[in-house]
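Engineer:
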Amino acid sequence: MGPRVAEKLAARGLTTLQDFWLQLPRQYEDRTQITPIRLLQPGVAAQVEGRVEAVERGFRYRPMLRVAIGDDSRSVLVLRFFHFRAAQVAQFRIGARVRLYGTPKPGQHGLEIVHPSYRVLDEEGEVALGEQLDPVYPAIEGIGPATLRRLIGYALDRLPDDAALELLPRELRERLQLPTLREALLTVHRPAVDADVAALIAGRHPAQRRLALEELLAHHLSLRRQRISQQAHKSRPLKQMPLAEKLRKALPFKLTGAQRRVFDEIRADLAKPSPMLRLVQGDVGSGKTVVAALAAMLAVQHGRQAALMAPTELLAEQHLNNLRRWLEPLGVRVAWLAGKVTGRARKAVLEQVANGEAQVVVGTHALMQEGVAFRDLALAIVDEQHRFGVHQRLALRDKGAGGAVGDDAIVPHQLVMTATPIPRTLAMTAYADLDVSAIDELPPGRTPVQTVALSEERRPELVQRIRTACAEGRQAYWVCTLIDDSDEVIAQAAQTTFEELSQQLAPLRVGLVHGRMKAKEKQETMRAFKDGELDLLVATTVIEVGVDVPNASLMIIENAERLGLAQLHQLRGRVGRGSAASSCVLLYRSPLSGLARQRLDTMRKTHDGFVIAEKDLELRGPGELLGTRQTGLAGFRVADLARDADLLPLVQELGERLLKTSPELAERIVSRWVGGAARYASA
Ligand code: ADP
Ligand code: MG
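No gaps in the numbering here: position 17 of the sequence shown is 17 in the UniProt record's numbering, and each next residue is one more.
#1: With a threshold of 6 Å, establish whether the CB of Phe529 neighbours any heavy atom of ligand 1.
#2: CB of Lys288 to nearest heavy atom of ligand 2: below 6 Å?
#3: Going by the beta-carbon positions, is the gap between Arg51 and Arg119 smaller than 7 Å?
#4: Any chance the stretch 270-282 sits against the stretch 413-421, with 3 or more Cβ pairs inside 8 Å?
#5: Got a sec? Which residues, its chain only, sit under 8 Å from Leu270 by beta carbon, not counting five neighbours each side?
#6: What does the alpha-carbon distance come out to for the pair Gln475 and Glu488?
#7: Please report the distance separating the alpha-carbon of Gly331 from that of Arg267.
#8: Just how far apart, CA to CA, sit Ala566 and Trp673?
#9: Identify which residue in Thr602, Asp157, Arg209, Leu156 has its Cα closest to the Cα of residue 698.
#10: Between which residues of its own chain and Arg204 is the CB-CB distance below 8 Å, once the five residues before and five after are set aside?
#11: Going by Cα to Cα distance, which pick from Tyr61, Gly564, Arg182, Ala580 is closest to Asp601?
#12: Our contact map puts residue 722 next to Arg31 with C-beta atoms below 8 Å; I'd like the distance itself, whole angstroms only.
#13: In chain order, what residues of the same chain lie with their CB nearer than 8 Å to the CB of Ser658, ignoring the 5 residues before and after it?
#14: Counting C-beta neighbours from all protein chains within 10 Å, is the total for Val48 16 or more, i.e. buried, or is it exposed?
#15: So, with DSSP's three-state summary, where would you put Ser662?
#16: Which word fits Tyr154, buried or exposed, when buried means at least 16 other C-beta atoms lie within 10 angstroms of its C-beta?
#17: Locate the alpha helix (DSSP H) running through Ser229, then write down its first and last residues.
#18: Buried or exposed for Ile228, going by 16 or more other Cβ atoms inside 10 Å?
#19: Taking all protein chains shown into account, decide if Ser582 is buried (16 or more other Cβ within 10 angstroms of its Cβ) or exposed.
#20: In the stretch 306-354, which residue ranges form an unbroken alpha helix (DSSP H) of at least 4 residues, counting only runs that do not cross its ends?
#21: For the alpha helix (DSSP H) containing Pro3, name the first residue and the last one.
#22: Cα-Cα, which of Gly511, Leu39, Phe81 is closest to Glu524?
#23: CB-CB under 7 Å to Gly363, same chain, minus the five flanking residues each way: which ones, in chain order?
#24: Does the beta-carbon of Ala613 have 16 or more other beta-carbons within 10 angstroms, so that it is buried, or is it exposed?
#25: So Gln132 and Pro169 are supposed to be a Cβ contact under 8 Å. How far apart are they, rounded?
#26: Relative to ligand 1, is the shortest distance from any of its heavy atoms to the C-beta of Val284 smaller than 6 Å?
#27: According to DSSP, simplified to helix, strand and coil, what is Val670?
#28: Compute the beta-carbon to beta-carbon distance between Ser437 and Tyr588, rounded to the nearest angstrom, for a pair I have assumed lies under 8 Å.
#29: By a C-beta neighbour count over all protein chains shown, 10 Å radius and 16 as the cutoff for buried, is Ala552 buried or exposed?
#30: Going by beta-carbon coordinates alone, are Val262 and Val300 separated by less than 7 Å?
#31: Whole angstroms is fine: what's the gap from Asp640's alpha carbon to Gly70's?
#32: Distance, Cα to Cα, Ile140 vs Val5?
#33: Which residue from Ser73, Phe92, Pro423, Ser75 puts its Cα closest to that of Leu65?
#34: In chain order, which continuous runs of the beta strand (DSSP E) of length 3 or greater are located wholly inside the UniProt domain "Helicase C-terminal" (461-618)?
#35: Return the chain-ordered list of same chain residues with a C-beta closer than 6 Å to the C-beta of Glu265, the five sequence neighbours on each side being excluded.
#36: Which term fits Leu251, buried or exposed, when burial requires 16 or more other beta carbons within 10 angstroms of its beta carbon?
Dropping the structure here:
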């Protein structure tokens, strides 16, 4: 191929033979038989052979060519072209023999196919049919489908034999009745006439399962290896408990059983001379912060530092307030570092962080910036992990090691918290580099949030509903979301809603927060709402993460049909945090799609974040569930975590075994699929 083609292919990650092998078809075309025109069905692709009966060239609105094809079944099919050359027109002589492939749809004169692929055949004689299904590859800009097919064919002709190619142990393949890699690739690219096309298109053919298994295994192994290399670092054990005990006793509540269990798991990790790598999953309101605070006390007790990083200022500030309230009475000094801390104040904080005066440091991304140096960071806590990437977590860790981490570095323990529970099997793959704990119990005294879905037309009733709630001394949220996800348009809509509601609800006090406001205004409004100076808060989804106002008991979410389950669950979690009976109204615009209806139903029926996560996985697949930044799991070539979720337990079992018994094999599997790209090179 020429350099221009090569460049375009490289831009899509196609450089080696192996890249071409793994470039799988997204569809198949069956040219192994000919369908009589009479038997064609709208929407079902088919191959047809017939003769040209009429040709019409039109220029009504734009150039158009229509060709009528007839066959022995005495029916007519119309081919329609909008782009064509004179030479093409000339080919379609009356009586010419044409073989074509395409998907018919109803037209003015019976069925028609727009831009079929076709060729004009010689007058007489047999023309062989296809012997296998034709693969259709994902389009690559600037490369014709025929060229791409040829290149992939070229690569396939150079597939090594099993001895050189196969990496999965024979015993495993036999047990699971999986084909070899070579067989699997040939099946997927060149399926035989009698192949199970439906299974192939659904991605559930054994050949595809085999490829997905190896790919999932590769990613799993790569995360496990990352873990092993991290765990090879050293950390100083943190064991002394008195301060944590003191905090526990001083708390205004009793820890739940789940909080105690998870804290015990953390303690056990911290007591070891290797770094803790633990993820705490816990539903909104399950009380993760206090567990983090307890862990921080071990670091402080040892005369060292802990840092807590949150994705937004709002959230970080809330943490700051909580930690100050809990820790300062114990004589623990808590420092605050966010983007808005500048000038002299920043200099002063940096100094305290550097000289160890700051024992616990709370902040945003600002914690990872240059110029921030800890005296002795022993524990790095990252809240709402899904908002951060793996890299940021590691960047915070590196702060504790005083720079890039070498082999014998001493690194801080790491604690990661997320309120986006993901199903267990998925967690074990997505977070294969972490140990996972779950706070699967809410503090007592919370009444479940009553959830209803209302059609948009009933919006006026809500005004009354808000009045009633506020008359009882409660507060409410009104969340604006939009189809358009530009900040500006949403802010505008929130502004309008804010004005309308302020008017309709007078004299109730209404506030507004959206992403386009200055951080300071946002904070101020949030504080006012928290302190009960506002009755209703109109907000965009900026309030999604972590905001805690126990007195709020009513949540109204506009355009709820447009939000994913995880987001709805997060938003709903803003209410039901106190002891008052709370409710959540999901406003939707009819008609609802099937999926949207299922989502709203799920929200009405359950409050359990783990159940919702399972359903979310089922409804829309894990790509979105996880976000692409959070794990190395984005960008599979073959595997689809939703479709192939049932393979995960096997992947995990197999992964552990390979790492133990044949690390060099594991190495080869990883480099085949995950590549030398070394996503985790810095780990
Ligand atoms: P999340 O897990 O969503 O981060 P938080 O840590 O913000 O939850 O806790 C939610 C609220 O519950 C806070 O006001 C916190 O003080 C309170 N809380 C935490 N643990 C308990 C408990 N065991 N009993 C009662 N309230 C608790
Ligand atoms: Mg939280």
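Idealized CB from N, CA, C, for every residue including glycine.
Structural biologist: In brief:
#1: Start at 1 with the first residue of the sequence shown, and residue 529 comes out as number 529. At a cut-off of 6 Å, the beta-carbon of Phe529 does not count as near ligand 1: no heavy atom of the ligand is closer than that.
#2: The residue you call residue 288 lines up with position 288 of the sequence shown. Because some heavy atom of ligand 2 lies under 6 Å away, the Cβ of Lys288 counts as near it: yes.
#3: Position 51 of the sequence shown, counting from 1, holds the residue named residue 51. Position 119 of the sequence shown, counting from 1, holds the residue named residue 119. No.
#4: Judged by Cβ distances under 8 Å, the stretch 270-282 makes contact with the stretch 413-421, as three or more pairs qualify.
#5: Along the sequence shown, read from residue 1 onward, the residue named residue 270 stands at position 270. Here the set comprises Pro237, Leu238, Lys239, Met276, Ala295, Leu298, Leu379, His413.
#6: Counted from its first residue, the sequence shown places residue 475 at position 475. Counted from its first residue, the sequence shown places residue 488 at position 488. The straight-line gap from Cα to Cα measures roughly 27 Å.
#7: Position 331 of the sequence shown, counted from the first residue, corresponds to residue 331. Position 267 of the sequence shown, counted from the first residue, corresponds to residue 267. Using only the alpha carbons, I get a separation of about 22 Å.
#8: Counting from 1 along the sequence shown, the entry for residue 566 is found at position 566. Counting from 1 along the sequence shown, the entry for residue 673 is found at position 673. Cα-Cα distance, rounded: 30 Å.
#9: Beyond the ends of the chain as shown, which are 1 and 683, falls residue 698; an answer cannot be given.
#10: Here residue 204 refers to the residue found at position 204 of the sequence shown. Only Arg643 meet the Cβ criterion.
#11: Looking up residue 601 in the sequence shown gives position 601. Checking every option, the nearest Cα to that of Asp601 belongs to Gly564.
#12: Since the first and last residues shown for the chain are 1 and 683, residue 722 lies out of range.
#13: Locating residue 658 in the sequence shown gives position 658, counting from the first residue. Note that residue 658 corresponds to Leu in the displayed sequence, not to Ser. Result list for Leu658: Leu217, Leu221, Leu665, Ala666, Ile669, in chain order.
#14: Along the sequence shown, read from residue 1 onward, the residue named residue 48 stands at position 48. It counts as buried.
#15: As a position in the sequence shown, residue 662 is number 662, starting the count at 1. Here Ser662 sits in coil by DSSP.
#16: The sequence position of residue 154 within the sequence shown is 154, counting from 1. Exposed, by the Cβ-count rule.
#17: One-based indexing of the sequence shown puts residue 229 at position 229. It spans 206-231 - the alpha helix (DSSP H) in which Ser229 sits, taken as one unbroken run.
#18: Along the sequence shown, one-based indexing puts residue 228 at 228. In summary, Ile228 is exposed, with fewer than 16 beta-carbon neighbours lying within 10 Å of its beta-carbon over all protein chains present.
#19: Within the sequence shown, numbered from 1, the residue matching residue 582 stands at position 582. Looking at its Cβ environment, which holds 16 or more other Cβ atoms inside 10 Å, Ser582 is buried.
#20: Runs found: 313-327.
#21: By 1-based counting over the sequence shown, the position of residue 3 is 3. Here the alpha helix (DSSP H) through Pro3 covers 3-11.
#22: By one-based count along the sequence shown, residue 524 stands at place 524. Here the closest residue by C-alpha is Gly511.
#23: For this step, residue 363 is matched to residue 363 along the sequence shown. These residues qualify, in order along the chain: Met309, Ala316, Trp336, Leu337, Ala338.
#24: To locate residue 613, count along the sequence shown from 1; it is residue 613. Buried: at least 16 other Cβ atoms inside 10 Å.
#25: Position 132 of the sequence shown, counted from the first residue, corresponds to residue 132. Position 169 of the sequence shown, counted from the first residue, corresponds to residue 169. Gln132 to Pro169, Cβ: 30 Å. No contact.
#26: Against the sequence shown, residue 284 aligns to sequence position 284. True, at least one ligand heavy atom lies under 6 Å from that Cβ.
#27: Within the sequence shown, residue 670 is the residue found at index 670, counting from 1. Helix.
#28: As a position in the sequence shown, residue 437 is number 437, starting the count at 1. As a position in the sequence shown, residue 588 is number 588, starting the count at 1. Going by Cβ atoms, the distance from Ser437 to Tyr588 rounds to 36 Å, so no, they are not a contact pair.
#29: Working through the sequence shown from its first residue, we reach residue 552 at position 552. Classification for Ala552: buried.
#30: Working through the sequence shown from its first residue, we reach residue 262 at position 262. Working through the sequence shown from its first residue, we reach residue 300 at position 300. Against a cut-off of 7 Å, the Cβ pair of Val300 and Val262 comes out as no contact.
#31: Here the question's residue 640 lines up with position 640 in the sequence shown. Here the question's residue 70 lines up with position 70 in the sequence shown. Straight-line Cα distance between these residues: approximately 43 Å.
#32: In the sequence shown, residue 140 corresponds to position 140, counting from 1. In the sequence shown, residue 5 corresponds to position 5, counting from 1. Answer to the nearest angstrom: the Cα atoms are 10 Å apart.
#33: The residue given as residue 65 occupies position 65 in the sequence shown. Closest by alpha carbon: Phe92.
#34: 475-479, 510-513, 536-539, 552-557, 583-588
#35: Position 265 of the sequence shown holds residue 265. Counting only Cβ-Cβ distances below 6 Å, and skipping sequence neighbours, we find Ser437.
#36: As a position in the sequence shown, residue 251 is number 251, starting the count at 1. Looking at its Cβ environment, which holds fewer than 16 other Cβ atoms inside 10 Å, Leu251 is exposed.
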